[in-house]
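Numbering (the numbering used here), first residue to last: 223 to 500.
Here's what the structure looks like:
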């Protein structure tokens, strides 16, 4: 007999959810998925007007401006979410993707990559954990804490070295937090997708090494990533690679980076051909 998996749901409007970087792309898809699962979703983005417009379009509870590099702002967002309903989920999705070799990145881009991609989830996680623990005292235990990582966090990605390092950092953060927070009943999840058809990918240098490497794999849609991430809610699964076979390849490249990265020119050539075909 085949056991059918029950999708994670909450009673309608019983819990709130925060999604960062949710005005467009993966964040918008995650927010829409959570609306469909019964959450009162607070759409946040550094572009407050776009966040409000997205919230209205997808039926979310509200959309507000939020800069993930602001630690105090994270706590203010958690407070705002709890005004809608007890906090049930926090998704740190906001990210930037400046490509280029580390030695060639300007200081502004270096700082943004670390501050947004790594420290953003740190500040968001701290605010969410504090809110979940306060609610537990009030008799509302648990919650879902999620981070959008990347397949690049699992192995070497020339041309995206610092971006990949920040994604490896948040993946490590998620795995460690899952152990730290087990006693609180707070479930931690991270999604590691291959390339995704978003503005972040579009903004990479068209003839750059990074974009060709990304396009050598599977180009996912934001909805596919959202479904995979929210599909982990309510489970003990900490992270998932999408697709799974690409995750295996990246782990192998991390185990033997020298020999396997000698194949990089051939892999990049595949991506370049796909880019030319559109």
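The beta carbon of each residue, even a glycine, is placed where N, CA and C say it ideally should be.
{"Asked": "Mapping the DSSP letters down to three states, classify residue 267 as helix, strand or coil.", "Found": "strand"}
{"Asked": "With distances taken Cα to Cα, identify the nearest neighbour of residue 245 among 470, 356, 235, 263.", "Found": "263"}
{"Asked": "Under three-state DSSP, which class holds residue 362?", "Found": "coil"}
{"Asked": "Per DSSP, what kind of secondary structure is residue 238 in: helix, strand or coil?", "Found": "strand"}
{"Asked": "State the beta-bridge partners of residue 412 as determined by DSSP.", "Found": "369, 461"}
{"Asked": "Helix, strand or coil, according to DSSP, for residue 246 in the structure here?", "Found": "coil"}
{"Asked": "Tell me the DSSP secondary structure of residue 501 in three-state form.", "Found": "Because residue 501 is not part of the residues shown, which for the chain are 223 to 500, the question remains open."}
{"Asked": "Under a three-way DSSP split, which group does residue 313 fall into?", "Found": "strand"}
{"Asked": "Just to confirm before moving on: does the CB-CB distance between residue 463 and residue 373 stay below 8 Å?", "Found": "yes"}
{"Asked": "Look at the alpha carbon of residue 293 and the alpha carbon of residue 421, and state the distance between them as a whole number of angstroms.", "Found": "26 Å"}
{"Asked": "Can you list, in chain order, the residues of its chain whose CB lies under 6 Å from that of residue 339, leaving out five sequence neighbours each side?", "Found": "317, 388"}
{"Asked": "Quick one: grab the DSSP three-state call for residue 306.", "Found": "helix"}
{"Asked": "Quick check on the DSSP output: the alpha helix (DSSP H) that includes residue 334 runs from which residue to which?", "Found": "329-334"}
{"Asked": "Any contact between the stretch 400-413 and the stretch 451-459? By contact I mean 3 or more CB pairs, one from each, below 8 Å.", "Found": "yes"}
{"Asked": "My assumption, with CB atoms under 8 Å, is that residue 445 sits in contact with residue 251. Please give the rounded CB distance.", "Found": "5 Å"}
{"Asked": "Using CA atoms only, rank isn't needed, just tell me which of 470, 257, 274 is closest to residue 502.", "Found": "Look at the range of the chain in this structure, 223 to 500, and you will see that residue 502 is not part of it."}
{"Asked": "When the distance is taken between beta carbons, is residue 236 closer than 8 Å to residue 258?", "Found": "no"}
{"Asked": "Tell me residue 286's beta-bridge partners as DSSP assigns them.", "Found": "266"}
{"Asked": "Kindly list the residues whose CB is nearer than 7 Å to the CB of residue 302, restricted to its own chain and excluding five residues on each side of it in sequence; keep chain order.", "Found": "264, 286"}
{"Asked": "Can you tell me where the alpha helix (DSSP H) with residue 340 in it begins and where it stops?", "Found": "Element bounds for residue 340: n/a, residue is neither H nor E."}
{"Asked": "Identify, in the order they occur along the chain, each residue of the same chain with its Cβ nearer than 6 Å to the Cβ of residue 354, setting aside the five sequence neighbours on each side.", "Found": "365, 408"}
{"Asked": "Buried or exposed: residue 384, going by 16 or more other Cβ atoms within 10 Å of its Cβ?", "Found": "buried"}
{"Asked": "Short of 6 Å in beta carbon distance, which residues of its chain neighbour residue 284, apart from the five on each side in sequence? Order them along the chain.", "Found": "264, 277"}
{"Asked": "Could you spell out where the alpha helix (DSSP H) holding residue 444 opens and where it closes?", "Found": "444-452"}
{"Asked": "Could you check what DSSP says for residue 299 in three-state terms: helix, strand or coil?", "Found": "helix"}
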